[in-house]
Amino acid sequence: KDDITIAMQLEPPHLDPTSAAAQAIDSVVYVNIFEGLTRFMGDGSIVPALAESWEISEDGTVYTFKLHEGVTFHDGSAMDAEDVKFSLDRARAEDSANAQKALFAGIDSVDVVDPLTVKVTLTEPNGNFLFNMAWGDAVIVAPESIENIKTAPVGTGPYTFGEWVQGDKIVLNRNTGYWGDQPALAQATFKFISDPTAAFAAMMAEDVDVFTGFPAPENLPQFEADPRFQVLVGSTEGETILSTNNKQAPFDNVKVRQAMAHAIDRQAIIDGAMFGYGTPIGTHFAPHNPAYVDLTGNSAYDPDKAKALLAEAGLPDGFETTLHLPPPSYARRGGEIIAAQLAEVGIKAEIINVEWAQWLETVFKGKNFGLTIVSHTEPMDIGIYARPEYYFQYDNPAFQELMTTLNSTTDPDKRTELMQQAQRIISEDYVNGYLFQLAALSVAKAGVQGLWANAPTAATDLSAISWSE
Amino acid sequence: MSLLQITDLSLSIHAYEILKRVNLTIEPGEIVAVTGESGSGKSMTALAVMQLLPGGARASGSIRLDGQEILTLPEAQMCALRGAAVGMVFQEPMTALNPVKTIGDQVMETILIHEAMTPDRAEERAREVLTRVGLPPDRFPLSRYPHELSGGQRQRVVIAMAIALRPKLLIADEPTTALDVTTQAQILDLLKGLVQEYGMGMLMITHDLAIVADMADHITVMRHGEVVEAAPTQRLLTGMSHPYTRMLFAASDHRVTLPARPSPAPLLKVSEVVRDYALPRTRLFARPGHHRAVDHVSFTLNRGERLGLVGESGCGKSTLTRAILGLEPVQSGEIRLAGQPVFDGKRANPEIRRRMQVVFQDPYGSFNPRHRVDRLVTEPFHLLDAPPTGSGRSDRIAEMLTAVGLSPDDAGKYIHEFSGGQRQRIAIARALIIRPQLILFDEAVSALDVSVRAQILDLLAQLCSEYDLTYLFISHDLSVVRTITDRVLVMQSGRIVEQGDTEQVFSDPAHPYTRALIAAAPQLPETGARQA
Amino acid sequence: MLRYSLKRALSLTISLAIASLVIFAVIEIAPGDPASFMLGVNAQPDTLAALRTELGLDQSKAERYVSWVTGMLRGDFGTSYTYRTPVSQMIADRLWVSLPLALYALALSTAIALPAGIYAAARRGKPGDLAVMGATQLGVAVPNFWFAMMLVLIFAINLRWFNAGGFAGWDKGLVAGLHSLTLPAIALALPQAAILARVMRSALLDILGEDFMRTARAKGLTRRQALWRHGLRNALIPVLTIIGLQFSFLLAGSIIIEQVFYLPGLGRLVFQAISARDLIVVESVVMLLVFAVIVVNFLVDLAYALVDPRLRSRT
Amino acid sequence: MSRNLILGTGLSSLVVLAALISFIWTPYDHTALNIPAKLQTPNAQHWFGTDHFGRDMFSMIMVGARTSIAVALLAVGIGMSLGVPLGLTAAARKGSWLDELIMRGNDLVFAFPSLVIAILITAVFGAGAVNAIIAIGIFNIPVFARITRGAALSLWEREFILAARVAGKGAARISAEHILPNVANLLIVQGTIQFSLGILAEAGLSYVGLGAQPPTPSWGRMLADAQTMVSFAPHLALIPGLAIILTVLGLNLMGDGLRDWLDPRLRVART
Ligand SMILES: Nc1ncnc2c1ncn2[C@@H]1O[C@H](COP(=O)(O)OP(=O)(O)OP(=O)(O)O)[C@@H](O)[C@H]1O
Ligand SMILES: Nc1ncnc2c1ncn2[C@@H]1O[C@H](COP(=O)(O)OP(=O)(O)OP(=O)(O)O)[C@@H](O)[C@H]1O
Ligand SMILES: [Mg+2]
Ligand SMILES: [Mg+2]
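Below is the structure:
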């Protein structure tokens with residue numbers, strides 16, 4: 323068997339990873355169709371991809387990338403330094419639609435040295451630069467394919483785009499002209515099944531071979547008990563938090579935020595909403611990251627303390643607020659539980675179920691909310707706390723200062739220390755309610771091997787996958 | 172051996188006894204008429220012969236057709252008899268035919284069920300039969316649907332289906348009640364001719380004694396499910412032995428005496444009235460056509476006069492009534508009551524409206540079933556500026572109910588607690604309660620049994636002397652109009668073709684249409700009953 | 317007949333025009349900007365503006381309504397905001413699931429309901445009738461999506477006779493396609509069948525009481541013959557009405573059932589489009605659904621004329 | 450009173466009773482989560498078991514009845530209070546442009562399946578019980594308008610209406626005094642049926658998330674929540690499903706029974 327059907331919850335809106343935030347795009351195309359200079363591995367490490375090697379100048383501002391030889395795009399044209407320059411310049415251009423423009427913000431210039439050498443000059447040293455270049459938003463695209471990139475992507479990866487039946491599936495085929503090792507699977511079909519029941523049914527019926535990001539954790543025990551299947555539980559970069567509108571009264575009072583933090587029983591949420599899958603977090607940082615500090619103690623479940631804090635804040639009878647819940651079950655179910663827990667201490671949170679579009683409109687853009695539950699799945703995104711205009715509106719100059727320092731620091735130990743300091747600040751400021759790290763839940767047929775257990779970034783690395791005998 | 176011999180037929184439906192020991196015999200070529208008031212069991216007797224009784228019916232006794240016992244015959248054999256040996260014609264030609272099948276199909280069906288033959292041959296037979304009943308296929312193709320035929324024509328199709336296989340026995344249940352007099356005469360002639368020609372026996376059910384006397388060789392009178400009298404026509408007409416039979420005959424030719432009419436002083440003047448109904452558009456953007464229901468009608472109704480209006484169904488009688496009442500606008504002409512127009516511009520004139528009242532045909536549909544009699548009767552008070560209230564009101568109600576022969580206590584009852592005749596009395600009370608100058612009776616006695624009809628006519632005559640009534644009496648029943656009116660108008664297709672004193676018109680009709688109408692109406696022969 | 321059809325066609329056109337206006341107006345006031353949804357959380361204002369221009373969102377409402385309607389008349393439903401593909405193409409793909417499903421369900425429910433109704437009417441008051449009527453009472457009361465869940469539980473999860481969801485695709489063959497539509501069709505059809513059977517029965521019973529049925533019996537037809545030859549076609553008139561009305565329920569039902577079985581049909585499309593603020597898709601699919609109901613009722617009106625000659629001759 | 454009527458009234462009153470009692474008493478607080486006690490099958494403490502949050506299903510069913518009844522009842526109310534006057538007006542002005550306008554308007558609304566109305570409404574105002582009521586209510590308007598007009602038209606042909614016109618009464622007065630009382634039975638029967646359809650519609654809307662929002666319990670949402678768990682906790686789906694079925698069944702039986710009881714001649718177009 324050399325083909326595979328992989329199901330996931332969300333269908334990509336289009337297939338250009340460089341002009342949208344949708345994770346679903348990366349889940350299909352990242353390292354399959356498109357590759358960047360560097361790439362993520364399943365364990366989160368960054369390794370060379372199109373760039374064979376690189377040199378970093380002494381002051382840390384000039385990166386000289388040596389490209390692999392003989393790499394061609396799927397349309398047959400050669401991938402060279404011009405393409406890299408084009409891709410990076412396109413991403414950082416004024417009118418760029420890139421969703422992660424910040425990744426490229428520090429680039430001062432991109433210069434073609436020779437067809438296989440590119441020099442990237444930064445305005446200041448950036449310890450994250452190679453990491454940034456591994457993102458799906460930084461993949462190398464062919465200038466002549468830009469026109470149709472959204473529906474007929476052309477990349478350098480081990481798979482070529484086959485067909486897309488909107489609302490149903492996308493088919494990828496093995497790229498026989500791939501510059502690297504030939505992958506084991508000749509064909510891969512991505513099916514999009516957002517409904518948890520249908521997900522369960524499709525798996526049970528063996529319609530699909532793999533389901534990544536399985537949406538119904540309650541069904542996992544059944545798969546575990548079934549010899550036909552294997553269940554992979556890993557970690558994602560998704561910090562699931564109870565985002566709080568820090569500018570809105572009474573949340574502008576740290577006592578109130580602290581009270582809420584103590585009113586929440588994380589374990590109940592993990593058990594009730596995620597059926598036990600998920601790691602409690604006490605700050606906005608992934609627990610599998612070496613720099614992580616366990617700060618859950620700052621916000622231990624203690625309703626009495628919560629009530630006392632509320633009284634101190636002048637709200638002995640609690641208050642009313644809104645709780646906007648986007649569609650994923652961590653939010654919808656978790657929201658119901660949190661609302662009930664908050665009610666225990668006198669906080670009446672009115673649940674408002676919203677679609678993502680509405681969420682973006684009212685919560686994210688409009689900042690017209692009290693509370694909301696979201697999983698922030700971008701890797702290493704603690705930097706959002708340094709943006710006072712960001713939807714939860716945390717404005718702490720000290721923290722902003724700290725982030726600036728962090729960005730210009732390249733020394734690993736120093737960086738770790740700074741990151742830990744940052745974790746502590748937001749934890750002790752109770753900026754948001756920190757709930758749990760979203761688990762990466764995958765179900766696969768017993769014979770599938772090579773799947774990523776963890777999800778350091780949204781990706782389905784097809785070349786790693788194969789069938790056992 | 173008789174063709175049909177019914178002996179001691181008793182019938183009950185669930186717990187109700189419907190027929191009690193009915194006896195009846197029909198010989199080939201003989202017409203036996205069964206008559207009697209509504210609900211007396213005439214139809215049930217016929218249905219028992221067909222074995223098409225409603226669910227829950229249990230029959231005992233014996234029905235022999237050509238010597239064969241029918242009551243115990245298995246359903247399959249009964250099916251073979253129906254349509255082949257016994258044919259049946261029903262009352263309502265409008266509904267007796269399947270609306271979605273052509274008349275040819277429906278006639279052919281009778282033939283094809285019973286006799287194996289090619290459809291072509293059956294079609295041939297159907298043509299013959301339809302021609303025989305007066306629907307020659309060149310003018311009435313077999314492909315016509317029932318709704319494309321008039322009532323009389325449909326009844327002919329029903330008859331064609333019943334006689335297609337020349338059954339030995341033909342049962343006709345009120346075959347002409349739904350038709351107007353001229354058509355009725357034609358259908359009766361057709362039936363009589365068929366009986367003679369085919370030598371069939373015929374069981375004819377009708378409540379119209381004039382038809383009975385005219386058609387039947389033998390008469391059976393029923394009442395409450397029992398045969399009260401049965402005899403050959405001649406003998407029965409001359410010597411009715413049962414008082415019920417005598418009463419029936421007397422009532423069906425009931426005459427009343429009206430008080431003398433005062434000297435003529437015009438009350439209602441109808442001049443050149445035209446009433447058009449718009450027809451549905453024939454083409455999308457064409458001007459819609461119209462149907463002229465009332466066509467330049469003019470007449471005068473004097474104070475204290477009792478005016479009749481006769482004409483066949485659909486000639487425009489009710490339309491004229493509605494126009495006089497000011498319920499519908501007229502297209503041209505004028506209607507004045509006591510010198511004032513009924514219409515005040517486009518709207519009805521309330522001043523005039525309150526001087527007129529009306530009594531309708533249907534004693535069941537004329538009342539809101541949810542109101543009590545007092546409320547029903549006082550509805551016209553709405554027309555008064557200062558309607559009586561309190562005891563004044565109840566006194567008026569009591570007075571009116573007494574006047575129409577009911578008790579003041581009836582004011583608290585609902586309408587379903589009254590019989591048809593009583594309801595018609597209440598309708599009269601409602602019309603009288605505001606003492607109108609003019610009352611319109613639109614077929615006010617047509618739906619009633621003869622005996623009840625006689626009572627209502629008596630009541631009217633009595634009220635005429637008590638209240639000096641002026642009325643317009645509309646009916647298609649010539650005998651009723653003849654006795655209850657002073658003067659009569661004859662209407663044909665929206666026009667008044669003749670008018671004059673009632674006796675004058677009836678004894679010496681001037682217009683051919685009037686003559687045809689009178690000739691077609693079956694006449695009850697002189698019998699000894701009238702003196703009783 | 318022609319005039320009748322023309323008149324119905326005219327009122328159909330007017331209805332469609334008003335419906336399109338209503339739909340457009342409602343969608344217009346719906347909050348949520350498609351462009352900002354598409355670009356996600358970190359969108360830059362200038363990028364947004366560029367996208368809005370590209371999507372035509374910066375035109376006036378009237379302009380957009382006109383171009384939408386005239387586009388539809390040409391079969392061009394515009395371009396999906398999220399997928400960037402022609403909406404007509406997406407709808408056509410989905411129709412290949414939704415339409416067969418609706419027809420399958422309609423066929424199933426008719427095939428079950430009419431015999432059941434006839435059977436019950438012919439055995440009025442007898443145990444057979446009572447059993448059918450009892451079953452239909454229950455059938456009417458069962459929510460179709462719950463029924464669908466139970467079907468999945470029994471036939472897909474426990475017995476594994478059918479897939480619990482998804483659509484095999486017609487390219488795998490007619491049998492495979494129908495196989496994946498079978499459970500959804502049953503879930504849709506049975507509650508409908510219950511209603512239809514009741515209507516069929518009561519229509520037949522009404523007809524059985526008609527005078528012409530007695531005439532038919534008097535000709536010598538057996539009860540059964542009379543029922544088949546004279547009863548059925550007349551009873552079809554109310555049944556047709558209900559089938560026409562049911563169509564609207566069938567569509568609504570199939571939107572939900574598509575959710576349960578995860579079928580890539582129009583229902584799912586409209587839900588997806590709503591959550592993605594793909595308003596042009598929402599508008600077009602809703603318009604299509606309304607169009608379908610209106611057209612089906614138009615066809616039912618025409619079918620009346622075929623069944624009932626009285627309407628036909630009102631030329 | 451027929452067996453249907455007794456059985457139907459019995460079932461329906463049971464549900465109404467449960468809804469009413471839930472205002473003053475439920476075995477447990479229906480909002481109280483008890484996650485360690487989740488997914489229990491029916492037992493002595495929890496008669497209908499517990500859901501995935503450990504909430505008491507019996508209490509939720511009781512309170513859910515409240516939601517179902519309130520939504521369906523209000524929707525019927527909207528349908529009746531707008532549809533009946535429209536139908537009466539159309540009948541009184543039969544053949545006029547007003548009649549034509551009302552009936553074409555009806556056809557138009559009828560062309561929008563209730564779910565589509567709900568989708569449109571929620572697209573604008575967001576999901577919620579009120580919007581479900583409005584959606585179902587709008588759908589009910591043409592139902593009542595048609596049935597009222599149909600019945601009223603045949604009444605307008607009756608002679609007692611003619612008698613009332615002869616008594617000088619205007620169309621509005623006649624409609625109120627004579628037509629309405631005589632279509633009341635029909636409306637009661639149709640109202641029962643629409644009520645039961647409303648319960649089904651509410652369940653359907655809540656199921657797809659367009660109905661009542663948490664924490665308001667709703668049978669349809671309970672089913673939606675249960676969906677991924679049917680395979681290991683079937684009671685989560687069975688119990689709300691049966692609650693819906695029995696309620697609808699009760700109302701339908703009651704409607705049928707009422708029809709026979711109030712007036713055997715009335716024939717209601719069942720849709
Ligand atoms: N289906 C039925 N079930 C019960 N009783 C019935 C049924 N049909 C008729 N009857 C009763 O049987 C009796 C005789 O009815 P039948 O129809 O024979 O009367 P009729 O003499 O033909 O009257 P009409 O002149 O009005 O036709 C009546 O009292 C009637 O109420
Ligand atoms: N509302 C209407 N629209 C169109 N045509 C009508 C209408 N009412 C009556 N007609 C037609 O006008 C003509 C006269 O009808 P009308 O009711 O006055 O007859 P009639 O003499 O009272 O008959 P009957 O004896 O049957 O009561 C008929 O041809 C009828 O079809
Ligand atoms: Mg009779
Ligand atoms: Mg008349």
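Protein chains in written order, with the working numbering: chain A, 323 to 791; chain B, 172 to 703; chain C, 317 to 631; chain D, 450 to 720. Positions of the beta carbon are idealized from the N, C-alpha and C atoms, including for glycine.
Report the residue from C:Gln453, C:Thr452 and C:Ala436 whose alpha carbon sits nearest the alpha carbon of C:Asp445.
-> Nearest of C:Gln453, C:Thr452 and C:Ala436 to C:Asp445, Cα basis: C:Ala436.
Contacting positions in the region 497-509 of chain D - beta carbon closer than 9 Å to chain C | Answer set for the region 497-509 of chain D: empty.
Buried or exposed: where does D:Leu535 fall if 16 or more other Cβ atoms within 10 Å of its Cβ makes it buried?
-> Buried: at least 16 other Cβ atoms inside 10 Å.
Say whether chain B places a C-beta atom closer than 8 Å to the C-beta of D:Ile598.
-> Here residue 598 of chain D is Arg; the residue named in the question, Ile, does not match the sequence. For D:Arg598, the answer is no, since every Cβ of chain B falls outside 8 Å of its Cβ.
Three-state secondary structure (DSSP) at B:Gly232?
-> Of the three classes helix, strand and coil, the one that applies to B:Gly232 here is strand, per DSSP.
Given that a residue counts as buried once 16 or more other Cβ atoms are within 10 Å of its Cβ, and exposed if not, what is C:Trp477?
-> Burial call: exposed.
What do you get for A:Ser697, buried or exposed, if any count of 16 or more other CB atoms within 10 angstroms of its CB means buried?
-> With at least 16 other beta carbons inside 10 angstroms of its own, A:Ser697 counts as buried.
Secondary structure at B:Gly226, three-state DSSP: helix, strand or coil?
-> Here B:Gly226 sits in coil by DSSP.
Which partner residues of B:Leu630 appear in the DSSP bridge assignment?
-> DSSP output for B:Leu630 lists no bridge partner at all.
How about A:Ala679 and C:Ala592: are their beta carbons less than 8 Å apart?
-> Yes; because the gap between Cβ atoms is below 8 Å, this pair is in contact.
Check whether the Cβ of C:Ile572 lies closer than 7 Å to any heavy atom of ligand 1, and answer yes or no.
-> No, since every heavy atom of ligand 1 falls outside the 7 Å radius drawn around the Cβ of C:Ile572.
Between the region 337-370 of chain B and chain C, which residues of the former have a C-beta closer than 7 Å to a C-beta of the latter?
-> Within the region 337-370 of chain B, no residue qualifies.
Would you mind listing the alpha helix (DSSP H) stretches within the region 324-400 of chain A that are 4+ residues and don't spill past its ends, in chain order?
-> The qualifying runs are 345-351.
Looking at B:Tyr448 and ligand 2, is the gap between the Cβ and the nearest heavy atom below 7 Å?
-> Indeed, a heavy atom of ligand 2 lies less than 7 Å from the Cβ.
Heavy atom of ligand 2 within 7 Å of B:Gly504 beta-carbon | No, since every heavy atom of ligand 2 falls outside the 7 Å radius drawn around the Cβ of B:Gly504.
How about C:Trp462 and D:Gly690: do their beta carbons lie closer than 8 Å?
-> Between C:Trp462 and D:Gly690, the C-beta gap is smaller than 8 Å, which places the two residues in contact.
Between B:Arg327 and the rest of its own chain, which residues show a CB-CB distance below 6 Å, the 5 nearest in sequence each way excluded?
-> Same-chain partners within the cutoff: Val304, Gly305 and Leu306.
Return the CA-CA distance between B:Pro708 and B:Ile197, expressed in angstroms with no decimal places.
-> Here chain B covers residues 172 to 703 and nothing more, so residue 708 of chain B does not appear.
CA-CA distance, B:Ala255 and B:Asp237?
-> Their Cα atoms are separated by approximately 13 Å.
Since A:Met582 contacts A:Gly755 with CB under 8 Å, what's their CB separation in whole angstroms?
-> In this structure A:Met582 touches A:Gly755 by the C-beta definition: roughly 6 Å separates them, less than 8 Å.
For A:Gly594, collect the residues of the same chain with a Cβ closer than 6 Å to its Cβ; drop the 5 residues on either side in sequence, then sort them by chain order.
-> The residues are Ile659.
Rounded separation between C:Leu422 and A:Ile328 - CA only | Rounded to whole angstroms, C:Leu422 to A:Ile328 spans 34 Å at the Cα level.
Compare the C-beta of D:Phe681 against all C-beta atoms of chain C and say whether one is closer than 8 Å.
-> Not a single CB atom of chain C sits nearer than 8 Å to the CB of D:Phe681.
Taking Cβ positions only, does D:Ala521 come closer than 8 Å to chain C?
-> No - not a single Cβ of chain C is within 8 Å of the one on D:Ala521.
With DSSP as the reference, label A:Phe758 as helix, strand or coil.
-> In this structure, A:Phe758 counts as strand in the three-state DSSP scheme.
Do A:Leu682 and C:Ser396 have their C-beta atoms within less than 8 Å of each other?
-> Contact: no.
Say whether chain C places a C-beta atom closer than 8 Å to the C-beta of D:Gly690.
-> At least one chain C Cβ lies under 8 Å of D:Gly690.
Beta carbon nearer than 5 Å to a non-hydrogen atom of ligand 1 | Matched residues: B:Ile184, B:Ile189, B:Ser209, B:Gly210, B:Ser211, B:Gly212, B:Lys213, B:Ser214, B:Met215 and B:Pro225.
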